[in-house]
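A.B. asks: In terms of the working numbering, the sequence shown opens at residue 6 and continues consecutively.
All C-beta atoms, glycine included, are put in the ideal place defined by N, C-alpha and C.
Remember, predicted model here, so these are calculated numbers, not experimental data.
Here you go, one structure.
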Amino acid sequence: METAQNLRQATPGAFTAFARFALCGGGVGIASSFAVAALASWLPWILANALITAASTLLATELHARFTFGTGTGTGMGAGGRATWRQHAQSAGSAAAAYAVTCVAMLVLRQLVAAPGVMVEQSVYLSASALAGAARFAVLRLLVFARNDSQVAATVLTARPLHVPMLRATAPAGPTVLCRTA
């Protein structure tokens, strides 16, 4: 049976979680930057960024729940369960802030440079995403996927039901007589 201490030990430390966050979130972020650039050729950039941000947030939240923060009771290294609706909603809030940061960065770029090239746009977008990503890591680790002792204890209590055999008091059928034969 898993104990609260075993579950706490299964939750990765800050360095491990950040490395996983950078790998999962960074991978999704880099793929998103190319998707935004491609979609922006058909749609206004701000709309393309909104669509890609929504899709990538759903994907990244699942990856973070399963691998980055290891919030479930899976058996693999960093294995966690699926993200809950609450975690998706909270992650979406931090993603909305990240979206605002990337939009402001791109608007400032367009104010400073009349026709920035793709490489300049990518550099600005990825830099703003990295800054927003560091803030998101803190929010996700400390708030969204945080596990306190009461959550761990509740997980332990609900993970496997405890079966306690019932003790029955039985009365003897009749008087007990101890006999000794000679």
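1. Between the region 57-74 and the region 140-151, do at least 3 Cβ pairs fall closer than 8 Å?
2. F142 lies in the alpha helix (DSSP H); which residues open and close that run?
3. Residues in its own chain within less than 6 Å of F26 by CB, not counting five upstream and five downstream?
4. How would you call L145, buried or exposed, if buried means at least 16 neighbouring beta carbons within 10 angstroms?
5. Are three or more beta carbon pairs between the region 40-58 and the region 97-116 nearer than 8 Å?
6. For S132, count neighbouring Cβ atoms within 10 angstroms of its own Cβ and tell me buried if that reaches 16, exposed if not.
7. For G18, which residues of its own chain have a beta-carbon under 6 Å away from its beta-carbon, when the five flanking residues on both sides are left out?
8. How long is the line joining the alpha carbons of V129 and A22, rounded to whole angstroms?
9. Below 8 Å on the Cβ atoms is my contact criterion, and I expect A97 with T62 to pass it. Report the Cβ-Cβ distance as a whole number of Å.
10. Could you check if G138 is buried or exposed, using at least 16 other CB atoms within 10 Å of its CB as the buried criterion?
11. Thinking C-beta only, is L112 closer than 8 Å to P121?
12. Taking the alpha helix (DSSP H) that T58 falls in, what are its first and last residues?
13. Among Y104, S37, A65 and R91, which residue has its Cα nearest to the Cα of C29?
C.D. replies: Based on what the coordinates show:
1. yes
2. V123 to V144
3. T73 and F142
4. buried
5. yes
6. exposed
7. none
8. 26 Å
9. 6 Å
10. buried
11. no
12. W50 to L68
13. A65
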